[in-house]
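Numbering-wise, this note's numbering puts 630 at position 384 of the sequence shown, and it's gapless, one number per residue.
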Amino acid sequence: MNKIAVSEEALSIHRKINRTGSAYPAESLKELFEAAAGRRPGSVAVVHGERRFTYRELNGLANSLSVRLRTAGVEPGHVVGLSVKRSPEMIVAMLAIIKCGATYLPFDRTWPDERLRRIFDQASCSALLTDAPDELTVRFAGARVVPVELRTLDSDEKDPPLRVDPDSLAYIVFTSGSTGSPKGVPIRHRGVVRLVSDATFAPLDADAVIPQLASVYFDAAAFEIWGALLNGGTCVLYPSDHVRLSELKRVVEQNGVTVLFVTTALFNVIVDEAPGTLNSVRTILTGGEAHSLGHIERARDHYGDGKVVSVYGPTECSVFATYYPVRSSVQGQSALPIGSPIQNTLLYVVSDGRLCAPGEAGEVCLGGPGLSPGYLGMPELTTEKYVEYDIDGEKIVLYHTGDRGFCREDGNVVFQGRLDDQVKVNGFRIELGEITHFMNEVPYVKQSYVTTTEKESGEKVVVAFVVPADADCTPQACHDHLATKVPRYMLPGEIHVRDGLPLTGSGKVDRKALLSAINTPNADERRARIQ
């Protein structure tokens, strides 16, 4: 076991921020949802446009679909692929999988077949539950495809007698991987329950009304759905795939939304264009990328102190790990803190085997019941990232986030960027190395370099630079190749063809020189020629 060296000063600040332990239910999502349905059978659980489902109806439909799944051979411990558009059907499907004691694996059927096959194989999927059975049956011959059709289900079906272990897997999220192979991150029931029980970062109770805005294969969706349904609140399913501010305002006001999560990029757009969209919301959670202090300050001026809460957390720690309510001006700060750990979460800043004192930068490491057990089929990476330590005589497993940060004297942690090249764009975690990997596979590409740049609006964009091997190398050709390999959210917003890649004195690609070249007065003309 690795022992972390500590000083009294470093130990003192970490003891202060890690007083987060509190009691939470030792039960699974299944038991807690069924308990909520028993307490509030006639209350509205899910809203989708004009459609409303009570807890009694939702529970019965999910029970009925779980019978279908068990008949199809789904057993406790199995993994079921989930591809259902945002709708009550999606929630019923998710609950049905959970009620079988199985694990749901959300995926987007617009992803390339090659990527989906790799994911299904890695997760050992036993069935696919979908609202597009004909399409998936054709695309994945031999797969066990189960349709979701509410009209064929019995809303009076009783709860299955199965008890689900809270340490079993609730869902799996696949994130970008640098070798071209996506990484499967399994999350335990316990991790989700710890997230939404007696939350310190937002009021989550029977009065909570939470809109479901995130893609279901993005881990924020777990907070939006289970934060409402495990507490007897209401989950409002956003009616469109893309958020429009006028529609968001209508959804918020008509449904009495109390808490919502928006990505940093969407938050900035709201602050810039229509801050009144969220006037009636009690708590605005935002995160996914480093925040613009200007947008945060303007939001505080508009909404008042404490209404905006910055949240931070990798997928590997069950959605959120820290929170920072913006209660005072951020003017003069170098960066917005990511704050302190949420309930039942531990945070340590470590550098070269020692605990960092206040103001000393190191790697942000996380612990507690929210941790994933590791990566699917990747024991070496799991061993590298999840390490058991002895900290002042206490044994603690910590997840190495790869994020750099430091503790302030007041106990708030400040994020200072990534230690590697993994980034978040529009809330999605993207490993630039994975895009580079597939770009370099293109026969007509000699060399490539992928990075990000920030527009004046604060929006982060992935930019690729390629050195051609022959005349077939065009931005469109590179884009078309990548589209068969990676999801849409990983496609570069800009692709530039270059004669060569400039190097720094140390022999590394000169990122600043590349980005400077595309921002020169002639850049638009040059871009037009190559695109």
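Think of the CB as a built atom: it goes at the ideal place given N, C-alpha and C, for glycine as much as any other residue.
On a predicted model such as this, the values are computed, not experimentally measured, just so you know.
query: Considering only residues of the segment 591-679, which uninterrupted alpha helix (DSSP H) runs meet the minimum length of 4 residues and lie entirely inside it, listed in chain order?; result: 625-631
query: Three or more C-beta pairs closer than 8 Å, one from the segment 455-471 and one from the segment 635-643: is that the case here?; result: no
query: Within the continuous alpha helix (DSSP H) that includes L307, where are the two ends?; result: Y301 to T317
query: What's the C-alpha gap between D649 and A256?; result: 19 Å
query: Going by alpha carbons, who is nearest to V515 out of V498, P407, R528 and S492?; result: S492
query: Would you call the CB atoms of P571 and T266 closer than 8 Å?; result: no
query: Would you grab the beta carbon distance between P738 and I681 for me? Rounded to a whole angstrom, and I think it's under 8 Å.; result: 7 Å
query: Go to R496, then tell me how far its alpha helix (DSSP H) extends in each direction, as first and last residue.; result: L491 to N501
query: Cβ of A581 versus every heavy atom of the ligand ATP: is any distance shorter than 7 Å?; result: Only the bare structure without any ligand can be found here, which leaves the ligand ATP out of the picture.
query: Ignore the nearest five residues each way along the sequence and tell me which others in L399's own chain have a CB closer than 7 Å to its CB.; result: L307, S310 and L311
query: Let's test the definition: count the other Cβ atoms within 10 Å of the Cβ of G751 and tell me whether it reaches 16, buried, or not, exposed.; result: Low local confidence applies: a pLDDT of 44 at G751 is under 50, so the model's placement there is unreliable, with the coordinate-based value given in what follows. So G751 ends up on the exposed side.
query: So, for D716: in the same chain, excluding its five sequence neighbours on each side, which residues have a beta-carbon less than 7 Å away from its beta-carbon?; result: Y690
query: Should T730 go down as buried or exposed, given a rule of 16 or more other Cβ atoms within 10 Å for buried?; result: exposed
query: Could I get the ranges of all uninterrupted beta strand (DSSP E) runs contained in the segment 334-395, with 3 residues as the minimum, in chain order?; result: 349-352, 371-376 and 391-393
query: Roughly how many whole angstroms lie between the Cα atoms of N264 and V708?; result: 36 Å
query: Looking at the structure shown, is I263 part of a helix, part of a strand, or coil, going by DSSP?; result: helix
query: Just reading off the beta strand (DSSP E) that S556 is part of, what are its end residues?; result: V554 to Y558
query: Does the Cβ-Cβ distance between Q778 and G430 come in under 8 Å?; result: Since the first residue shown for the chain is 247 and the last is 777, residue 778 is missing from the structure and cannot be characterised.
query: Could you tell me the alpha carbon to alpha carbon distance between E562 and S370, rounded to whole angstroms?; result: 20 Å
query: Can the beta-carbon of G704 be found closer than 8 Å to that of S556?; result: no
query: Would you call the segment 283-291 in contact with the segment 312-320, where contact means no fewer than 3 C-beta pairs closer than 8 Å?; result: no
query: Within 10 angstroms of its Cβ, does P625 collect 16 or more other Cβ (buried), or is it exposed?; result: exposed
query: Quick one, are the C-beta atoms of V554 and T532 less than 8 Å apart?; result: yes
query: Express the C-alpha separation of M340 and L622 in angstroms, rounding to a whole number.; result: 21 Å
query: Quick check on S422: buried or exposed, where buried means 16 or more other Cβ atoms within 10 Å of its Cβ?; result: buried
query: List the DSSP bridge partners of S694.; result: V712
query: Measuring CA to CA, which of L408, S372 and F447 is closest to K345?; result: L408
query: Are the Cβ atoms of T697 and L678 separated by less than 8 Å?; result: yes
query: Can you tell which of R355, R332, L328 and D354 has the C-alpha that lies nearest to the C-alpha of A342?; result: L328
query: In this structure, what does DSSP give as the bridge partners for Q458?; result: L483
query: If I measure Cβ to Cβ from R757 and keep anything under 7 Å in the same chain, skipping five residues before and after, which residues do I get?; result: T697
query: Please report the distance separating the alpha-carbon of A466 from that of I676.; result: 15 Å
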